[in-house]
Amino acid sequence: LFESMSVESGRVTLNFSHADSGLGAPGGALRGFELAGADTNFFPATAEIIGKHVIVSNQAVPNPVAVRYGWAGMPDGNLLNGAGLPASPFRARCSLSPVQPD
577 LFESMSVESG
587 RVTLNFSHAD
597 SGLGAPGGAL
607 RGFELAGADT
617 NFFPATAEII
627 GKHVIVSNQA
637 VPNPVAVRYG
647 WAGMPDGNLL
657 NGAGLPASPF
667 RARCSLSPVQ
677 PD
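All residue numbers for the sequence shown refer to the numbering used here, where the first residue is 577 and numbers rise by one.
Rendered as C-alpha cells:
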C-alpha cells in the first residue's frame, strides 16, 4: 500500500507499507505510473525499484507535484510486494504542492 512520497531533483520517491520482503515487477519494467506538475497534466512516467522504494520520473515533468499509479479504467500496473500481492491504485500530491485537492 502507498504510504508516502518525497520529491527531490525532479524525481519522486515512493514509500510503501507491506514491502518488508521487497518489491517486484513481473514482466520487467514497472508500468502504470504517471507524474504531473503544477498544471495537473499527467504524463506516463519511468519507474524503477530501488530497495523498498519506487523512484518515478519524466523529463517532461521537471518539477513533479503529483503521482498516480493504476489510475485508469483498465489499469496496466505490475508492482507487487515480496509476497506477490499487487499494489493498490493511488493518487498522491506533495504536501508542498500548490495544486488544489480533487
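By construction, the Cβ of each residue, glycine as well, lies at the ideal position given by its N, Cα and C atoms.
> Where residue 577 and residue 601 are concerned, what is the direct C-alpha to C-alpha distance, given to the nearest angstrom?
Replying inline: In the sequence shown, counting from the first residue as 1, residue 577 sits at position 1. In the sequence shown, counting from the first residue as 1, residue 601 sits at position 25. Roughly 15 Å separates the two Cα atoms.
> Should residue 605 be labelled buried (16 or more other beta-carbon atoms within 10 Å of its own) or exposed?
Replying inline: Working through the sequence shown from its first residue, we reach residue 605 at position 29. Exposed, because fewer than 16 other Cβ atoms sit within 10 Å of the Cβ of residue 605.
>> Quick check on the burial criterion: 16 or more other C-beta atoms within 10 angstroms. Buried or exposed for residue 610?
In response: Residue mapping note: residue 610 aligns to position 34 of the sequence shown, counting from 1. The residue is buried, with at least 16 neighbouring Cβ atoms inside 10 Å.
>> Within a Cβ cutoff of 6 Å, which residues of the same chain sit near residue 636, ignoring the five residues on either side of it in sequence?
In response: Working through the sequence shown from its first residue, we reach residue 636 at position 60. Excluding sequence neighbours, residue 636 sits near 619.
>> Since residue 599 and residue 657 should fall inside the 8 Å C-beta cutoff, what is the C-beta to C-beta distance between them, to a whole number of angstroms?
In response: Start at 1 with the first residue of the sequence shown, and residue 599 comes out as number 23. Start at 1 with the first residue of the sequence shown, and residue 657 comes out as number 81. Residue 599 to residue 657, Cβ: 6 Å. Contact.
> Going by Cα to Cα distance, which pick from 650, 624, 596 and 614 is closest to residue 661?
Replying inline: In the sequence shown, residue 661 corresponds to position 85, counting from 1. It is 596 whose Cα lies nearest to the Cα of residue 661.
>> Starting from residue 629, trace the beta strand (DSSP E) in both directions and tell me its first and last residue.
In response: Locating residue 629 in the sequence shown gives position 53, counting from the first residue. Taken as a continuous stretch (DSSP letters only), the beta strand (DSSP E) holding residue 629 covers 629-633.
>> Under DSSP, the beta strand (DSSP E) around residue 591 begins and ends at which residues?
In response: Here the question's residue 591 lines up with position 15 in the sequence shown. Element bounds for residue 591: 587-592.
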